[in-house]
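In our numbering, the protein residues as written are 442 to 966.
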């Protein structure tokens, strides 16, 4: 191929290298110039154009792209018609992309004129999604080169389509296991499976013991795959879930994976039936190592312990926000309180935190309890900023303003956590409208808190507020958006939660409506 400036007399039949405006119209890049184009260019005062001229043995960029894409697209994939030297390869159905990585490298090593780019190996793809693209860089390439690259590219890509599987889902329970957590875990897991193609779903529950779980596993012969979500994390091959699988006649293929989040996954088999012990992060819909294994099994691919061992490259999921690295708890590291007092009080009709309760503002009761418990505090302001800040100052507590408080609870939480001093190993997040939370409740939670766990109060098996968050989770708290608080993260970090029993329902009682305020006043009268 020749490329460069040529006189107009020699430009007809060549391909325009750069778009040109002539005679009130635009000739697009790559157009094969005809007599009318040349005439308009001459009328516009041009005497030459930059063009590409094909020579004997050259293949136009579109023909080259079509040839290479058709060769690369194996079973389950289709090559779309080329445009401007680019041909996309799409999935014929939902499935996993299988890539011959070494062969892709060989294709791209042929010449800089030829490129083939793909999604990552084992990437899930929806029907009609682009999984790869061929781009021919110049306007033409030697046909011999393209045919050689196409021979190397023969079926280097294929799609393993997702099937429809019958799932048995088992959750184990301990005394005090939250019914709400069980329901949420089942909902998230079923949605995960349904997105891949679910033939049948059966949920089962049992005590978190080897004997109870082994008995339930024996009842799953009609399932194609068994998923087990434990009441506590798997920390050893002799732990409850792996031991129960072996007691049920199965074998553990791999405990642990080099994918984060997802490290504590257990892969096993009972006969030919795959069994997965879920990591705690699987309670969250965020993508994690469990998805990597589940998708391969759903696509009919065998997954071995060696396969999991090879998942380390790329196993740190960069698209998933994660907690800060576990720090060594500082000697004398303190626990402080972040009091959220920025809300708009929409349901109350006036600022609920300044409403009178027993002769003092609602917020004063919360700050009294923090002071009595011996904690330092940061008070987050928003609505009625001056009044709330003045009240906080009366107790000697600094305040920080959440400029975007009107966008929801997450913005107040973000502002508060961002202001936490470096020497706090954990922050107890209190809502300013919970005046019946006592100093004793706060002190108990502070005693259970540290940098690497989440302390949650529980009364009669039900969890409430406030919640003490270790410094490890601050980055995730700061990343929340919308009208949500830290509760949105509890399922994701379920394995890190310690429940602190309290003998009062005060942890459920807030004052955010006129009716709730009247009820609280009645209790104070």
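All C-beta atoms in this analysis are idealised placements derived from N, C-alpha and C, irrespective of residue type, glycine included. In this text the structure is predicted, and so the values were computed from the model without any measurement.
Proximity below 7 Å, CB of residue i to CB of residue j
i           : j           : result
residue 870 : residue 905 : no
residue 721 : residue 682 : no
residue 474 : residue 458 : no
residue 591 : residue 531 : no
residue 533 : residue 517 : yes
residue 700 : residue 730 : yes
residue 853 : residue 867 : no
residue 640 : residue 668 : no
residue 577 : residue 502 : yes
residue 808 : residue 851 : no
residue 579 : residue 543 : no
residue 742 : residue 601 : yes
residue 431 : residue 830 : Outside the modelled stretch of the chain, which goes from 442 to 966, sits residue 431, for which no answer is possible.
residue 897 : residue 938 : yes
residue 739 : residue 603 : yes
residue 787 : residue 794 : no
residue 449 : residue 482 : yes
residue 675 : residue 705 : yes
residue 783 : residue 823 : yes
residue 613 : residue 654 : yes
residue 736 : residue 562 : no
residue 805 : residue 820 : no
residue 567 : residue 609 : no
residue 880 : residue 956 : no
residue 461 : residue 468 : yes
residue 723 : residue 780 : no
residue 691 : residue 710 : yes
residue 492 : residue 447 : yes
Nearest residue (CA-CA) to residue i, options the options
i           : options            : result
residue 596 : 817, 740, 519, 881 : 519
residue 941 : 901, 845, 546, 831 : 901
residue 589 : 550, 899, 791      : 550
residue 810 : 873, 855, 614, 865 : 873
residue 860 : 778, 716, 825, 648 : 778
residue 537 : 795, 572, 703, 624 : 572
residue 857 : 919, 472, 878, 812 : 919
residue 652 : 665, 622, 688      : 688
residue 515 : 825, 710, 593, 881 : 593
residue 627 : 725, 617, 679, 563 : 725
residue 556 : 693, 541, 505      : 505
residue 645 : 885, 638, 661      : 661
residue 816 : 791, 884, 806, 752 : 884
residue 470 : 524, 464, 480      : 524
residue 911 : 945, 882, 944, 865 : 865
residue 924 : 963, 964, 846, 914 : 846
residue 716 : 702, 728, 746      : 746
residue 583 : 529, 442, 642      : 442
residue 754 : 714, 698, 789, 932 : 698
Bridge-paired residues (DSSP) for residue i
i           : result
residue 882 : According to DSSP, residue 882 bridges with nothing at all.
residue 836 : DSSP output for residue 836 lists no bridge partner at all.
residue 444 : 493
residue 940 : 897
residue 644 : 610
residue 918 : Note: residue 918 sits in no beta bridge, so no partner.
residue 715 : 710
residue 532 : 518
residue 456 : 473, 493
residue 461 : 468
residue 666 : 608
residue 587 : Note: residue 587 sits in no beta bridge, so no partner.
residue 682 : Its beta-bridge partners do not exist; DSSP assigns none.
residue 823 : 825
residue 904 : 899
Range of the contiguous alpha helix (DSSP H) that encloses residue i
i           : result
residue 737 : 730 to 739
residue 601 : Not the alpha helix (DSSP H): residue 601 falls in the beta strand (DSSP E), residues 598 to 602.
residue 629 : 620 to 637
residue 995 : Nothing about residue 995 can be reported from this structure: the residues present for the chain run from 442 to 966 only.
residue 653 : 651 to 658
residue 723 : Looking at the DSSP string, residue 723 is not in any alpha helix (DSSP H), and its letter there is neither H nor E.
residue 956 : 955 to 965
C-beta neighbour in chain D for residue i, strict 7 Å
i           : result
residue 476 : Included in the structure is just one protein chain, with no chain D present.
Endpoints, the beta strand (DSSP E) within which residue i is located
i           : result
residue 710 : 707 to 711
residue 911 : 908 to 911
residue 695 : 692 to 696
residue 780 : 775 to 782
Could you pull out every unbroken alpha helix (DSSP H) segment of at least 4 residues lying fully inside the segment 844 to 873, listed in chain order?
The segment 844 to 873 contains these whole alpha helix (DSSP H) runs: 850 to 859.
Counting only runs of 3+ residues fully inside the segment 547 to 585, write out the beta strand (DSSP E) ranges in chain order.
Counting only runs that start and end inside the segment 547 to 585, the beta strand (DSSP E) elements of at least 3 residues fall at 555 to 559, 571 to 577, 581 to 583.
Whole alpha helix (DSSP H) elements within the segment 471 to 527, 4-residue minimum:
Counting only unbroken stretches of 4 or more residues, the alpha helix (DSSP H) elements lying wholly within the segment 471 to 527 are 476 to 484, 502 to 513, in sequence order.
Report the residue ranges of all beta strand (DSSP E) runs contained in full by the segment 787 to 816; include only those spanning at least 3 residues, in chain order.
Counting only runs of 3 or more, we get nothing.
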